[in-house]
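Undergrad: Here it is, the structure in full.
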Amino acid sequence: KGLHLTLASVPQEDPKVYDMLCRADTVGVFQIESRAQMNMLPRLKPRRFYDLVIEVAIVRPGPIQGDMVHPYLRRRDGLGEVIYPAPAPEHGPADELRRVLEKTLGVPLFQEQAMRLAMEAAQFTPDEADALRRAMATFRRRGTLSQLKEKMVGRMVARGYDPELAERCFRQIEGFGDYGFPESHAASFALLAYVSSWLKCHHPDAFACALLNAQPMGFYAPAQIVRDAREHGVEVRPVDINASGWDNSLEDAGEGHCALRLGMRQVGSLRQEDAERIVDARHTPYPDVGALARHAGLSASAIETLAAADAFRSAGLVRRQALWQARALAKAPPLPLFEAADQCEDGPEPAVALPAMADGEQVVEDYRTLRLSLRAHPLAFLRDRLAARSVLPAETLLRAQDGDRAATAGLVLVRQRPGSAKGVIFMTLEDETGTVNVVVWPNILEKYRPAVLGARLAMVRGRVQRAGEIVHLVAAHLEALTHWLALPTPGEGTAPRGCQALPASTPRPTRHQ
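In terms of the working numbering, the sequence shown has 750 at position 462, counting the first letter as 1, and numbering is strictly consecutive.
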């Protein structure tokens with residue numbers, strides 16, 4: 289594209305970027321792609337860089353355990369008065385904490401603020417503050433932090449601070465001992481989050497291409513990255529022996545646009561050295577399977593892998609035709625020159641009329657070989673069966689009202705069980721229309737544990753929980769429908785070959801997100 293950017297030269301404070309963040313349109317964005325962060329973004333409504341610093345820091349055990357999140361959000365929305373805690377008049381000035389807490393509306397959110405609170409409000413000496421810092425750093429190994437609680441809380445109360453506030457401040461420090469951010473750390477992460485967001489906003493093609501080339505990483509599998517790119521207007525082109533390299537790349541799509549060409553790294557069992565042989569020998573387009581075998585010197589298994597991935601379409605061969613030729617090549621007798629194949633005793637391989645693969649079978653084969661499909665989503669072929677059970681598509685459920693009872697179903701993309709969530713599991717389900725966030729309380733987990741932890745396709749019935757644009761389905765009943773992926777699809781002929789074709793969900797037992 290002719291653009292040369294650094295972290296410092298990416299345009300700052302772009303309103304379009306902040307519009308995107310306020311919509312929680314952050315699939316693949318560093319640090320703010322987790323479900324917890326995506327739920328916070330529409331509530332925090334970042335409009336400047338320091339808002340992102342707050343965003344990064346606030347979804348952490350420190351602020352959560354200290355019950356600082358809701359007070360901050362209320363004050364930010366103008367629903368709560370900005371109050372700076374103060375000691376009794378005889379113990380110090382009323383504004384002694386203002387300079388510590390002013391940037392965060394009177395609510396401590398950063399490690400440094402917790403330390404300054406101890407020094408200002410509890411009158412810790414430098415040595416005591418250093419002991420507190422070391423206790424926070426070794427909290428999990430030694431459990432020494434609690435030894436300082438009586439000292440900090442007792443001194444704050446003795447100086448006239450509200451006892452409840454003192455307890456909350458110490459709970460926050462305990463949370464930082466588990467996992468919390470200093471302000472400088474949050475600012476560094478916020479810079480990376482902003483730059484990632486700018487790239488996603490203005491160059492979604494390059495952004496998706498880079499994410500795919502960096503896999504495995506992050507919360508989202510290649511299928512979700514590609515889907516998100518297409519929803520942002522990116523043309524995505526399939527893996528092809530005559531166009532793809534090992535890495536995903538960008539191609540000129542005309543009128544100043546780029547298309548994302550999937551690379552051969554997306555083909556699950558293909559080796560990089562085989563892909564590089566294909567590229568090195570590709571002086572002219574490969575016209576057929578035999579030409580690829582001759583010029584690139586690939587093994588029969590590598591050629592069959594590419595055929596199964598439907599990578600011969602530019603040679604005029606659909607998946608089944610390419611597989612037929614690849615398997616015939618594998619069974620051919622060894623000859624001094626491949627060109628002599630047509631001279632063998634039995635003559636050339638006769639043409640065979642192969643039945644076309646059904647759409648559903650094509651999609652499952654795409655997932656099996658590439659972990660994604662550019663054709664359709666697997667649930668599109670199950671929609672009639674789901675509708676018969678009153679299961680709503682994601683886009684419909686997301687328009688439901690708070691308190692509505694509803695059911696939805698989807699591929700399980702992510703399971704999260706944050707340490708600060710008291711045993712709650714958060715699931716993300718995806719169908720052909722979008723994604724739905726599901727909340728599973730511990731009692732429901734125990735009742736439906738196999739479905740919650742093991743299903744690749746799950747159906748959930750429950751109650752809609754809506755707060756503005758943030759929608760969850762609070763589960764009351766779960767059912768694993770993974771076996772549906774292995775059953776014949778009505779009207780589609782051949783059955784998909786099984787649920788192994790679909791990627792397993794990504795477990796995310798992270799404590800901090």
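All C-beta atoms, glycine included, are put in the ideal place defined by N, C-alpha and C. A quick note: this is a predicted structure, and the numbers were derived from the prediction, not measured.
For Gln512, which three-state DSSP category applies?
TA: Sequence index remark: in the sequence shown, residue 512 carries index 224 (1-based). Looking at Gln512 - three-state DSSP - the assignment turns out to be helix.
Undergrad: How far does the beta strand (DSSP E) with Phe714 in it extend, from its first residue to its last?
TA: By 1-based counting over the sequence shown, the position of residue 714 is 426. Counting along the chain, the beta strand (DSSP E) containing Phe714 begins and ends at Ile713 to Asp719.
Undergrad: By the 10 Å Cβ neighbour count, where 16 or more other Cβ atoms means buried, how is Ile371 classified, buried or exposed?
TA: Your numbering for residue 371 matches position 83 in the sequence shown. Its Cβ having fewer than 16 others within 10 Å, Ile371 is exposed.
Undergrad: Using the rule of at least 16 other Cβ atoms within 10 Å of the residue's Cβ for burial, across every protein chain shown, is Asp690 buried or exposed?
TA: Within the sequence shown, the letter at position 402 stands for residue 690. Exposed, by the Cβ-count rule.
Undergrad: Excluding the 5 residues preceding and the 5 following Val567 in the sequence, name in chain order all residues of the same chain whose CB lies nearer than 6 Å to its CB.
TA: Residue mapping note: residue 567 aligns to position 279 of the sequence shown, counting from 1. Answer for Val567: Gly533, listed in chain order.
Undergrad: Classify Gln788: buried if its beta carbon has 16 or more other beta carbons within 10 angstroms, exposed otherwise.
TA: Here residue 788 refers to the residue found at position 500 when the sequence shown is read from its first residue. Unreliable placement is indicated for Gln788, whose pLDDT of 39 sits below 50; no coordinate value is reported for it.
Undergrad: Pick helix, strand or coil for Arg323, following the three-state DSSP scheme.
TA: For this step, residue 323 is matched to residue 35 along the sequence shown. It is helical.
Undergrad: Between the beta-carbon of Leu660 and the beta-carbon of Pro504, is there less than 8 Å?
TA: The sequence position of residue 660 within the sequence shown is 372, counting from 1. The sequence position of residue 504 within the sequence shown is 216, counting from 1. It is not a contact, given that the beta carbons lie outside the stated cut-off.
Undergrad: Which residue comes first and which comes last in the beta strand (DSSP E) that contains Glu767?
TA: Along the sequence shown, read from residue 1 onward, the residue named residue 767 stands at position 479. Looking at the DSSP string, the run of the beta strand (DSSP E) that includes Glu767 is Ile758 to Ala768.
Undergrad: Once the 5 residues before and after Val728 are set aside, which same chain residues still bring their CB inside 7 Å of it?
TA: In the sequence shown, counting from the first residue as 1, residue 728 sits at position 440. Contacts found: Val712, Ile713, Met715, Val740 and Ala763.
Undergrad: Kindly list the residues whose CB is nearer than 8 Å to the CB of Leu332, restricted to its own chain and excluding five residues on each side of it in sequence; keep chain order.
TA: Residue 332 sits at position 44 when you count from the first residue of the sequence shown. Here the set comprises Asp339, Ile342, Glu343, Ile346, Leu361 and Arg364.
Undergrad: Output yes or no for whether 8 Å exceeds the beta carbon distance between Ala423 and Val441.
TA: Numbered from its first residue, the sequence shown carries residue 423 at position 135. Numbered from its first residue, the sequence shown carries residue 441 at position 153. In this structure, Val441 does not lie closer than 8 Å to Ala423 by Cβ.
Undergrad: Please confirm if the region 718-725 is in contact with the region 652-659, defined as three or more CB-CB distances below 8 Å between the two stretches.
TA: Short answer: they don't touch.
Undergrad: Give the secondary structure of Gly604 by DSSP, where H, G and I count as helix, E and B as strand, and everything else as coil.
TA: For the purposes of this step, residue 604 is taken as the residue at position 316 of the sequence shown. Coil.
Undergrad: Run through DSSP, which three-state label would His292 get?
TA: Residue 292 sits at position 4 when you count from the first residue of the sequence shown. If DSSP states are grouped into helix, strand and coil, His292 belongs with coil.
Undergrad: Using only the alpha-carbon positions, how far apart do Ala417 and Glu452 sit?
TA: Within the sequence shown, residue 417 is the residue found at index 129, counting from 1. Within the sequence shown, residue 452 is the residue found at index 164, counting from 1. Computed Cα separation, rounded: 21 Å.
Undergrad: Extract the residue ranges of the beta strand (DSSP E) inside the region 638-709, only unbroken runs of 3 or more that lie entirely within it.
TA: You should have 693-704.
Undergrad: Whose C-alpha, out of Leu717, Asp313 and Met645, is nearest the C-alpha of Leu487?
TA: Here residue 487 corresponds to residue number 199 of the sequence shown, with the count starting at 1. Answer by Cα proximity: Asp313.
Undergrad: If you count every other CB in all the chains shown that lies within 10 Å of the CB of His765, and 16 or more means buried, which is it?
TA: The count along the sequence shown starts at 1 and reaches residue 765 at position 477. His765 is exposed by the Cβ-count criterion.
Undergrad: Below 8 Å on the Cβ atoms is my guess for Glu471 versus Glu400; work out the distance and round it to an integer in Å.
TA: Residue 471 sits at position 183 when you count from the first residue of the sequence shown. Residue 400 sits at position 112 when you count from the first residue of the sequence shown. At roughly 6 Å, the Cβ-Cβ gap stays under 8 Å, so Glu471 and Glu400 are in contact.
Undergrad: When you compare each of Phe469, Leu773 and Glu561 to Glu653 by their alpha carbons, which one comes out closest?
TA: Numbered from 1 along the sequence shown, position 365 holds the residue referred to as residue 653. Checked all of Phe469, Leu773 and Glu561; the closest Cα to Glu653 is Leu773.
Undergrad: Can you tell me the Cα-Cα spacing of Glu561 and His583, whole angstroms?
TA: The residue labelled residue 561 in the question sits at position 273 within the sequence shown. The residue labelled residue 583 in the question sits at position 295 within the sequence shown. Glu561 and His583: Cα-Cα distance of roughly 14 Å.
Undergrad: In three-state terms, what does DSSP make of Val305?
TA: Position 17 of the sequence shown holds residue 305. Three-state result, Val305: helix.
Undergrad: Going by DSSP, name the residue or residues bridged to Arg549.
TA: Along the sequence shown, one-based indexing puts residue 549 at 261. Answer is Arg525 and Ser537.
Undergrad: Roughly how far, in whole angstroms, is the beta-carbon of Arg749 from the beta-carbon of Ala695, given that I think they are within contact range, below 8 Å?
TA: Within the sequence shown, the letter at position 461 stands for residue 749. Within the sequence shown, the letter at position 407 stands for residue 695. So it is a contact: roughly 4 Å between Cβ atoms.
Undergrad: DSSP puts Ala755 in a beta bridge; with which residues?
TA: Start at 1 with the first residue of the sequence shown, and residue 755 comes out as number 467. According to DSSP, which records beta bridges pairwise, Ala755 is partnered with Ile758.
Undergrad: Locate the alpha helix (DSSP H) running through Val577, then write down its first and last residues.
TA: Within the sequence shown, numbered from 1, the residue matching residue 577 stands at position 289. Val577 to Ala584 is the extent of the alpha helix (DSSP H) around Val577.
Undergrad: In chain order, what residues of the same chain have a beta carbon less than 6 Å from the beta carbon of Arg386, not counting five sequence neighbours either side?
TA: Within the sequence shown, the letter at position 98 stands for residue 386. Tyr372.
Undergrad: In the DSSP assignment, find the beta strand (DSSP E) that holds Asn725 and state where it starts and stops.
TA: The residue you call residue 725 lines up with position 437 of the sequence shown. Unbroken beta strand (DSSP E) run through Asn725: Gly722 to Val728.
Undergrad: Quick check on the burial criterion: 16 or more other C-beta atoms within 10 angstroms. Buried or exposed for Leu499?
TA: If you number the sequence shown from 1, residue 499 lands on position 211. So Leu499 counts as buried.
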